[in-house]
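Take a look at the structure below.
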Amino acid sequence: MQSVAGALDAPAVRHAPFERESLDGLDIDCWMNIRLYPTLEQVDRPALQDSAVVVIDVLRASTTIVAAIDSGAEKIIPIADVETASRLARPSERDAKLLAGERKGCPIPGFDLCNSPEEFTAEKVRGRTIVFTTTNGTRAIAVAAKARRTIICAMTNVRAVASALAGEREAIVLCCGTEGSVSAEDLLCGGILLASLGDEVASETLTDSARIARIIADRYGPDAETFIRSCDHGRRLIELGFEKDVAFCSRVGVSTSVPIVKGGAIVALV
Ligand code: 3SL
Numbered sequence: 620m621q622s623v624a625g626a627l628d629a630p631a632v633r634h635a636p637f638e639r640e641s642l643d644g645l646d647i648d649c650w651m652n653i654r655l656y657p658t659l660e661q662v663d664r665p666a667l668q669d670s671a672v673v674v675i676d677v678l679r680a681s682t683t684i685v686a687a688i689d690s691g692a693e694k695i696i697p698i699a700d701v702e703t704a705s706r707l708a709r710p711s712e713r714d715a716k717l718l719a720g721e722r723k724g725c726p727i728p729g730f731d732l733c734n735s736p737e738e739f740t741a742e743k744v745r746g747r748t749i750v751f752t753t754t755n756g757t758r759a760i761a762v763a764a765k766a767r768r769t770i771i772c773a774m775t776n777v778r779a780v781a782s783a784l785a786g787e788r789e790a791i792v793l794c795c796g797t798e799g800s801v802s803a804e805d806l807l808c809g810g811i812l813l814a815s816l817g818d819e820v821a822s823e824t825l826t827d828s829a830r831i832a833r834i835i836a837d838r839y840g841p842d843a844e845t846f847i848r849s850c851d852h853g854r855r856l857i858e859l860g861f862e863k864d865v866a867f868c869s870r871v872g873v874s875t876s877v878p879i880v881k882g883g884a885i886v887a888l889v
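Here the sequence shown is numbered in our numbering, starting from 620 and rising by one per residue.
Right, dumping it as structure tokens:
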């Protein structure tokens with residue numbers, strides 16, 4: 620399969636853990652076996668532990684995490700519920716720790732930050748720990764944390780994530796979706812990731828979900844923002860007044876950060 624126009628304009632990853640020449644005539648399984656799940660609910664949980672898992676929640680948790688790492692946050696602790704998050708960052712600790720997150724897309728009373736990536740400036744987050752809880756994204760990260768390796772992916776860092784995945788044999792792309800429903804912007808990002816991996820992935824082995832993601836990326840990747848604005852979640856965020864966030868989250872490959880889960884926290888891959 621050809622790469623998406625531009626995955627998008629960047630060369631697909633050409634990593635050769637095994638020299639292609641030496642594989643002539645050998646089994647195609649030597650390439651990366653990659654499965655894409657369109658929602659958290661569909662993921663094959665037992666398969667996580669042997670895989671590198673890429674968690675995608677374009678709107679907006681993954682993008683916010685990438686922005687926080689870009690701005691020098693020391694670590695981000697993903698928490699599924701508001702009560703636990705509040706306990707982990709008491710008012711007396713707020714110099715070093717920030718509480719961030721959303722419910723129904725809106726700020727949580729008493730929290731320092733919501734889930735708008737542009738809020739996570741260096742001035743606010745550099746050197747700090749962020750205790751972070753969102754409706755879907757942090758729940759998915761908690762599930763994916765059981766994986767051999769867990770990477771957070773957004774449109775903004777999709778190329779960097781493709782490079783970080785090079786050489787993996789078993790990978791899972793976990794598109795978070797929204798409360799059990801597919802989010803097309805997550806599939807778009809997953810499709811761009813697959814396209815960016817280029818020859819690493821044996822396209823003959825792609826599942827239907829992965830192929831649909833590739834088709835969305837081929838068709839809509841070149842104008843990601845228009846597509847994302849028209850998605851269910853994009854429209855909802857615009858209605859809530861977060862139009863700037865939708866634009867921010869639609870930019871492809873502007874960050875080189877690769878956030879990974881290490882010891883229960885998200886840190887930058889160095
Ligand atoms: O569900 C989530 O993790 C959030 O990213 C959703 S929202 O964009 O903040 O509405």
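Ideal Cβ positions, reconstructed from N, Cα and C, are used throughout, including at glycine.
As the structure is a computational prediction, the values presented were derived from the model and not from experiment.
Per-residue DSSP class, three states only, for residue i
i	result
C795	coil
A785	coil
A884	strand
A773	coil
V865	helix
V871	coil
L717	strand
I653	strand
D648	With a pLDDT of 49 at D648, under the threshold of 50, the modelled position of this residue cannot be trusted; read the value that follows with caution. Residue state, collapsed to three classes: helix.
C850	coil
T683	helix
I831	helix
I811	helix
T748	strand
I698	coil
I688	helix
I727	coil
V889	coil
V780	helix
L678	coil
G840	helix
A666	helix
E737	helix
E660	helix
Residue i vs residue j beta-carbon contact at 8 Å
i	j	result
V744	A687	yes
V938	I771	This structure gives no information on residue 938, because the portion of the chain shown stretches from 620 to 889.
I760	L667	no
V685	A773	yes
I727	A884	no
V886	V762	no
L655	T769	no
I811	A836	yes
G809	A832	yes
L816	A779	no
D689	S876	yes
N776	S874	yes
N755	A704	no
R752	G724	A small fix is needed here, since residue 752 is Thr in this sequence, not Arg. Going by C-beta atoms, T752 is not nearer than 8 Å to G724.
Environment of residue i [buried if 16+ CB atoms lie within 10 Å]
i	result
E798	exposed
K765	exposed
E804	buried
L859	exposed
G729	exposed
V672	buried
V889	exposed
S735	buried
P710	exposed
R706	exposed
R767	exposed
E573	Nothing in the structure corresponds to residue 573, since the chain is present only between 620 and 889.
T845	exposed
Contacting residues, own chain, Cβ-Cβ under 8 Å from residue i (five flanking each side not counted)
i	result
G882	none
L717	A708, D731, L732, K743, V744, R747, T748, I749, V750
L645	Any answer about L645 is weak, because its pLDDT of 41 lies below 50 and its placement is not dependable; what the coordinates show is given next. So the list is empty, once near-sequence residues are dropped.
E737	A686, K863, D864, F867
R664	V762, K765
E693	G746, R747, T748, V886
Close Cβ partners of residue i (< 7 Å) along its chain, the five nearest in sequence each way excluded
i	result
R788	M651, N652
P657	C794, G796, V801, L806, S828
A741	S690, G691
V871	L627, M774, V777, I811, A843
Identified DSSP bridge partners for residue i
i	result
G756	Looking at the DSSP assignment, G756 forms no beta bridge with any residue, so it has no partner.
A671	R768, A790
L732	A719
S800	T797
V820	M651
P878	A887
Close-in-space but distant-in-sequence residues of the same chain around residue i (CB under 6 Å, 5 per side omitted)
i	result
F861	none
R848	V865
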